[in-house]
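Peer 1: Top line first, the protein sequences correspond to chains A and B.
Per our numbering, the first sequence starts with residue 1, numbered consecutively.
Per our numbering, the second sequence starts with residue 261, numbered consecutively.
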Amino acid sequence: MSGRLPWVLVVPAVLGLAFLVLPLAGLLVRAPWPTLLERLAEPQVLQALRLSLVTATIATAVCLLLGVPLAWLLARVSFPGRRLVRALVTVPLVLPPVVGGVALLLVLGRRGLIGQWLEATFGLTLPFTTAGVVVAEAFVAMPFLVISVEGALRAADQRFEEAAATLGASRWIVFRRVTLPLIAPGVVAGAVLCWARALGEFGATITFAGNFPGTTQTMPLAVYLALETEPEAAIVLSLVLLAVSVIILSSLRDRWVNSP
Amino acid sequence: MFRRLSRWAIAVPVALALAGLAGCGSGAPATSGTSASASASAGGGAKEVTVFAAASLTGTFTELGKTFEAAHPGTTVKFNFGSSATLAQQITQGAPADVFAAASPATMKTVTDASLASAPTTFVRNKLQIAVPADNPAKVDDLKDLTDPKVKVALCAEQVPCGAAAVKALDAAGLKVKPVTLEQDVKATLTKVELGEVDAALVYKTDVIASAGKVQGITFPEADKAINDYPIATLTKAPAGDLAKQFVDLVLSPQGKDVLTKAGFEGP
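#1: Output needed for Leu36 of chain A: all residues of its chain with C-beta closer than 7 angstroms, excluding positions within five of it in sequence on either side, in chain order.
#2: Could you tell me whether any Cβ in chain A is nearer than 8 angstroms to the Cβ of Ala417 of chain B?
#3: Take Gly190 of chain A and list the residues in its own chain whose beta-carbon comes closer than 6 angstroms to its own, dropping the five residues that flank it on each side.
#4: What residues from the stretch 411-441 of chain B come within 8 angstroms of chain A, judged by C-beta to C-beta, listed N to C?
#5: Say whether chain A places a C-beta atom closer than 8 angstroms to the C-beta of Ser343 of chain B.
#6: From Leu252 of chain B to Gly100 of chain A, what distance separates their C-alpha atoms?
#7: Can you tell me where the alpha helix (DSSP H) with Phe144 of chain A in it begins and where it stops?
#8: Gly456 of chain B touches chain A at which residues, Cβ-Cβ below 7 angstroms?
#9: Mind checking Ser250 of chain A: buried by the 16 CB within 10 Å criterion, or exposed?
#10: Hey, how far is the Cα of Thr129 of chain A from the Cα of Val54 of chain A?
#11: Can you pull the chain C neighbours of Leu105 of chain A, defined as C-beta to C-beta under 9 angstroms?
#12: Is there contact between the stretch 410-424 of chain B and the stretch 217-237 of chain A, where contact requires at least three CB pairs shorter than 8 angstroms?
#13: Apart from the five residues on each side of it in sequence, which residues of its chain come closer than 7 angstroms, Cβ to Cβ, to Leu239 of chain A?
#14: Looking at the structure shown, is Ile206 of chain A part of a helix, part of a strand, or coil, going by DSSP?
#15: Leaving out five residues on either side along the sequence, give the residues of the same chain with a beta carbon under 6 angstroms from the beta carbon of Arg154 of chain A.
#16: Mind checking whether Ala374 of chain B and Ala362 of chain B have CB atoms under 8 angstroms apart?
#17: Mind checking whether Phe341 of chain B and Leu317 of chain B have CB atoms under 8 angstroms apart?
#18: With 8 angstroms as the limit, tell me which residues of the stretch 344-372 of chain B have their beta carbon closer than that to any beta carbon of chain A; keep them in chain order.
#19: Answer yes or no: do Ala391 of chain B and Val437 of chain B have a C-beta to C-beta separation smaller than 8 angstroms?
#20: Measuring alpha carbon to alpha carbon, tell me which residue in B:Leu450, B:Val440, B:Glu457 and B:Pro481 is nearest Gly214 of chain A.
#21: Taking the CB atoms as reference points, tell me whether Val178 of chain A and Phe160 of chain A lie closer together than 8 angstroms.
#22: Tell me whether Ile173 of chain A sits in a helix, a strand or coil according to DSSP, three-state version.
#23: Does DSSP classify Val463 of chain B as helix, strand or coil?
#24: Smallest Cα separation from Leu403 of chain B: which of B:Tyr464, B:Thr367 and B:Thr479?
#25: Roughly how many whole angstroms lie between the Cα atoms of Ala220 of chain A and Gln47 of chain A?
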């Protein structure tokens with residue numbers, strides 16, 4: 001397709017881009033460049049970064065394990081109340097993350113509905129543990145994966161699945177051998193989005209898992225606390241988080257997420 | 261194929277936008293006018309005083325704001341409650357405030373150093389207490405009990421005033437406590453106690469009183485070594501001018517002191 005670019009689209013597009021990118025430019029301008037390397041070398045920074053990367057990755061794995069089947073259920077199986085279930089899946093998206101954290105405490109906390117039983121039966125408590133961080137991140141990030149995968153499933157041509165079924169494949173075989181390869185780009189895109197959301201998660205994490213260096217203090221928590229006393233340190237920490245996410249997301253986009 | 265996709269093409273960005281909005285709401289301090297009708301009914305120029313105050317003053321200052329509005333018909337007191345450090349930053353970045361009441365001299369100093377306020381007065385002091393859940397499951401009764409590894413303890417992070425005070429008090433007592441979490445502010449710390457997630461926490465006496473029934477407060481002698489001064493000042497660029505000074509006068513008056521001591525604050 002060629003021809004003149006329609007300005008009604010180009011002008012808002014450029015404005016939108018500026019709106020998204022300018023705050024990042026602000027961070028770059030205000031960054032304390034002369035002391036940057038020195039601040040980065042601090043062990044707490046690396047500790048928080050490592051914890052963020054590890055928990056976001058595990059949370060994404062959990063979301064894939066539970067979210068892909070959930071998306072399949074919503075897209076391929078018709079059952080009463082499906083609309084309501086779909087709306088419920090997106091609740092963590094609209095819930096303020098801090099409220100999500102409180103809700104998690106009420107269910108999985110030491111005196112929570114399930115948490116109480118977990119502690120009594122297995123001696124397991126989630127709040128204030130790294131596993132708790134993963135739970136908080138997965139709770140907030142899973143809808144991103146489910147929505148992307150369900151979108152991909154709805155867009156995928158079902159005739160391939162039908163053909164496989166007529167050839168005698170069971171629904172599980174159809175899903176594994178036909179559907180999954182067909183929607184792979186959608187799954188990857190969803191996983192990337194989910195990972196990015198988990199990496200930046202703040203509210204649910206600090207509320208449910210607390211904040212302790214090495215166990216539950218992820219980068220966003222470190223940024224928030226640094227902001228209380230040392231805005232410059234907060235900028236440095238934000239830059240690290242920003243650089244890591246941009247590098248990973250852009251490399252993934254080129255390799256995997258090129259298809260629509 | 262694309263027609264099927266289109267509904268999602270709309271739904272996904274909308275959902276993402278909502279998620280973004282929700283995220284913003286959690287961190288930003290809430291600005292709340294206590295009485296919108298008072299200013300509306302005043303003929304001519306409605307007057308407004310904007311007070312930036314530490315989160316721990318929410319209850320008492322809201323009450324004093326109503327007293328002030330009653331004494332000055334046609335005037336509205338608007339509050340911005342939040343972490344003192346955040347408020348100080350907002351003021352130095354040019355937020356249009358008339359009065360600043362901080363929970364620590366250090367945060368007030370950021371503002372006076374920028375020549376945006378002068379001669380702050382200490383109007384109250386706040387002391388730490390040990391807060392335990394109403395049923396005190398770990399049977400905590402003094403500061404030493406917090407060193408028991410079986411007792412789960414929450415402290416404020418050292419970057420916020422209640423955390424700095426907790427470190428001072430524990431140092432004064434010569435005790436080493438390993439908390440399970442370092443919370444971002446005193447209310448978050450107290451919530452962990454209210455929900456029974458931790459067995460004890462160090463918070464302000466005023467916070468314990470505000471959550472009476474849900475938590476129990478235990479006084480300890482070392483708290484005297486870590487008293488927090490609350491300074492208040494009118495800002496040099498106060499848009500409300502004289503009214504700002506009158507509000508500070510109310511806070512410093514016997515009437516103001518009465519409200520503040522009832523909430524658990526101590527006189528300067």
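Even for Gly, the Cβ is constructed at its ideal location relative to N, Cα and C.
Peer 2: The short version:
#1: Taking C-beta separations shorter than 7 angstroms and ignoring five residues to either side along the sequence, the partners of Leu36 of chain A in its chain run Val236, following chain order.
#2: yes
#3: Leu145, Ser148 and Val149
#4: Going along the stretch 411-441 of chain B in chain order, one finds Lys412, Ala414, Ala417, Gln419, Val420, Pro439, Val440 and Thr441 with a Cβ nearer than 8 angstroms to chain A.
#5: yes
#6: Here chain B has residues from 261 to 528 only, and residue 252 of chain B is not among them.
#7: Thr130 to Ala155
#8: Arg110 and Arg111
#9: exposed
#10: 14 angstroms
#11: Checking the listed chains, one finds no chain C in this structure; the protein chains it contains are A and B.
#12: yes
#13: Leu27 and Ala31
#14: helix
#15: Ala75
#16: no
#17: yes
#18: Residues Ala345, Thr346 and Gln349.
#19: no
#20: B:Val440
#21: yes
#22: helix
#23: strand
#24: The residue from B:Tyr464, B:Thr367 and B:Thr479 with its alpha-carbon nearest to that of Leu403 of chain B is B:Thr479.
#25: In the sequence as displayed, the identity of residue 220 of chain A is Pro instead of Ala. Each residue's Cα considered, the two are about 13 angstroms apart.
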